[in-house]
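The block underneath contains the structure these notes are about, expressed in structure tokens.
Residue numbers (the working numbering), protein chains in the order written: chain L, 1 to 321; chain U, 1001 to 1321.
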């Protein structure tokens, strides 16, 4: 939850002069999103989100993110649509930061997802993967397997202060994933961060996907593995196979998994768990005093990783052959 | 900026069952307000704010605050109106906290107030004071003069770490204010925290006052002194007499100040500056690691206090005799 950059009266006024959105009716910082500053903006033309991109988002990647939302929206995926100024461009600068106005999506994110939500997610994820096939831009996954080792080095020396034995466990897992990581699986545009707070529902119907600022090209089934981690565990970190089944059945109704994708799921799930373990570990150890964001406990993902290490096959996730 | 308490799916659903507001369309934490958790709630019936009252707000005071908003709104003051559930009560419990749904006020708070904004504020403040005259409930000011000494004791030992000499300066100022504080001035319901972020404007017209959670019974002119401090200094802490004049002229057009109120303004302004200096000093010294709110620099109010100490009479604020 955060607003990192304040937007002054003149900043907002100057920006809106470039658009045909009428007068400002309301402007409020939103306590959601940990990477950027987000404001709810109501004007005579409607309701929008103003996002200021903070330093964790590379400016060079913004055309990929904004272009992807536009591409997906054109293909019927419910996601925010960048609003173009009169000069035809959506990407601007406000208060010294790159910024964009995007359309506001109605809906509420589900704090405790139920199997029906997992099913709706599975379908939407597969539809997004299909809709992204002909997106022409490319962006490498900065948090893919090759990035995990260097990321770990930043936290390695203090890892055991978070949980005894963590350093050795992560080192062994990294070594395992370097050899076991699959190759040749279908690739495409993935969301890469489709946690419950990025999926909106209206009366239990999925109303949209948001926050495409980790989107990249990578293995499609890895995106599913991220969702298995983020949606199908209970608060006590036990895996709920009913939710896993709902997620994967709905996904496969749109895009059936190939045999090698199914076989690779346990490894991909370990990789996804490690990726979030490592970023949370880094944030946990480096969050400054007075930070606007409370870091999330990395041990949640350590427990998920340990679960995946014991999985024999994708059937353990509820995947029906 | 803060959301201290998470509201679960069931929490929100259970609460809304008690109201006739239709289905939820959107629900987002707002990064404004430092005392409570605020959410923007859109339902089929309209747009609202859900506030969860956190521990700094005494539950026993809530009927005063909610009753005051209702009282003022009935008298034409533009302020949030508590929304009553079907049982006729606005005050509920959500996620273990006292909570209320209030109406949403359109408008934007002004980051850099200009003289025209100060004038609009002065008029609205006086109208609020008039409208509050027949409000039957009473609430003592917990941060009135008698509270400043005990508050100072909590920070006293570390005050000089913030600015050398601060301890002695505050001690002397407290002693001065104990003898110089006026008596017999007109009292009534005051807002007590009418900073720019609590005053909304639409196209430069004042559209409403919010955040009545410091409101109490105290000297009416003290409320004006709080506004002088909060609205009429420049970012370099110089006093802008044009803004002071605009504020007080507009106030007096609705409620003329009595001679003893005018004479007391410099002392009241010193007291108001000290009150915010002391709460900011306390927050500055005690804000925990990982806090959701960045504490404000107490030295801003030290500089304002030093200005008021040199003021000869209310004419220095722009008050025309």
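Every residue, glycine too, gets a C-beta built ideally from N, C-alpha and C.
Asked, Found
"Option nearest residue 1139 of chain U by Cα separation, candidates U/1252, U/1028 and U/1215", "U/1215"
"8 Å Cβ cutoff, residue 1008 of chain U in contact with chain L", "yes"
"Below-8 Å beta-carbon distance, residue 29 of chain L vs any chain U residue", "yes"
"Rounded separation between residue 46 of chain L and residue 38 of chain L - CA only", "17 Å"
"Other residues of its chain near residue 309 of chain L: CB distance less than 7 Å, five sequence neighbours each side excluded", "270"
"Option nearest residue 1059 of chain U by Cα separation, candidates U/1087, U/1022 and U/1093", "U/1093"
"Beta-carbon neighbours of residue 1234 of chain U, restricted to chain L and to distances below 8 Å", "Result: empty, since nearest Cβ-Cβ is about 14 Å, beyond 8 Å."
"Where residue 1 of chain L falls: helix, strand or coil (DSSP)", "In this predicted model, residue 1 of chain L has a pLDDT of only 39, less than 50, meaning its place in the structure is not dependable; the value taken from the coordinates is given anyway. The answer is coil: DSSP assigns residue 1 of chain L none of H, G, I, E or B."
"Same chain only: Cβ atoms within 7 Å of residue 1027 of chain U, ignoring 5 sequence neighbours per side", "1012, 1039 and 1041"
"7 Å Cβ shell around residue 304 of chain L - same chain, five flanking residues per side excluded", "229, 233, 237 and 273"
"CB contact check: residue 23 of chain L to chain U, cutoff 8 Å", "yes"
"Whole-Å CB distance - residue 295 of chain L paired with residue 280 of chain L, under 8 Å assumed", "7 Å"
"Contact under 8 Å by Cβ, residue 1109 of chain U with residue 1212 of chain U", "no"
"Residue 300 of chain L, DSSP secondary structure in three states", "helix"
"Cβ-Cβ separation, residue 319 of chain L to residue 255 of chain L (assumed contact under 8 Å), whole Å", "Going by Cβ atoms, the distance from residue 255 of chain L to residue 319 of chain L rounds to 14 Å, so no, they are not a contact pair."
"Reference residue 1036 of chain U; option with closest CA among L/71, L/268 and L/31", "L/31"
"From U/1315, U/1317, U/1278 and U/1014, residue whose alpha carbon lies closest to that of residue 1153 of chain U", "U/1278"
"Identity of the residue in U/1077, U/1014 and U/1009 nearest residue 1206 of chain U by Cα", "U/1077"
"Residues bridged to residue 24 of chain L (per DSSP)", "L/43"
"Residue 193 of chain L burial status per 10 Å Cβ neighbour count (16 or more: buried)", "buried"
"Residues near residue 1063 of chain U by beta carbon distance below 6 Å, same chain, minus five either side", "none"
"Environment of residue 16 of chain L [buried if 16+ CB atoms lie within 10 Å]", "buried"
"Outcome for residue 1198 of chain U when other beta-carbon atoms lying within 10 angstroms are tallied against a minimum of 16", "buried"
"Other residues of its chain near residue 1100 of chain U: CB distance less than 7 Å, five sequence neighbours each side excluded", "1051, 1066, 1082, 1090, 1091 and 1092"
"Cross-chain neighbours of residue 1032 of chain U in chain L, by beta carbon under 9 Å", "3, 28, 29 and 31"
"Partners in chain U for residue 203 of chain L, counting only beta-carbon separations shorter than 9 Å", "1023 and 1024"
"Terminal residues of the alpha helix (DSSP H) in which residue 277 of chain L lies", "259-286"
"Local conformation of residue 1158 of chain U per DSSP, three classes", "helix"
"Three-state class that DSSP yields for residue 1305 of chain U in the structure shown", "helix"
"Cβ separation of residue 1339 of chain U and residue 1221 of chain U, assumed to be a contact under 8 Å, to the nearest whole Å", "Past the boundaries of the shown model lies residue 1339 of chain U; chain U is included only from 1001 to 1321, so the question cannot be answered."
"Assumed close pair residue 1125 of chain U, residue 1251 of chain U - CB separation to whole angstroms, cut-off 8 Å", "6 Å"
"Three-state secondary structure assigned by DSSP to residue 58 of chain L", "coil"
"Within chain L, partners of residue 1050 of chain U - CB distance below 8 Å", "Here the premise fails: no neighbours, minimum Cβ distance about 12 Å."
"Contacts of residue 106 of chain L in chain U (Cβ-Cβ under 9 Å)", "1025, 1026 and 1042"
"Residue 1 of chain L classed as buried or exposed, judged by whether at least 16 other C-beta atoms fall within 10 angstroms", "Any reading at residue 1 of chain L needs caution, since the residue's pLDDT is 39, under 50, leaving its predicted position unreliable; the model's value is listed next. Answer is buried; the Cβ neighbour count reaches 16."
"Secondary structure, beta strand (DSSP E): runs of 3+ residues fully inside the segment 76-116 of chain L", "92-94 and 97-103"
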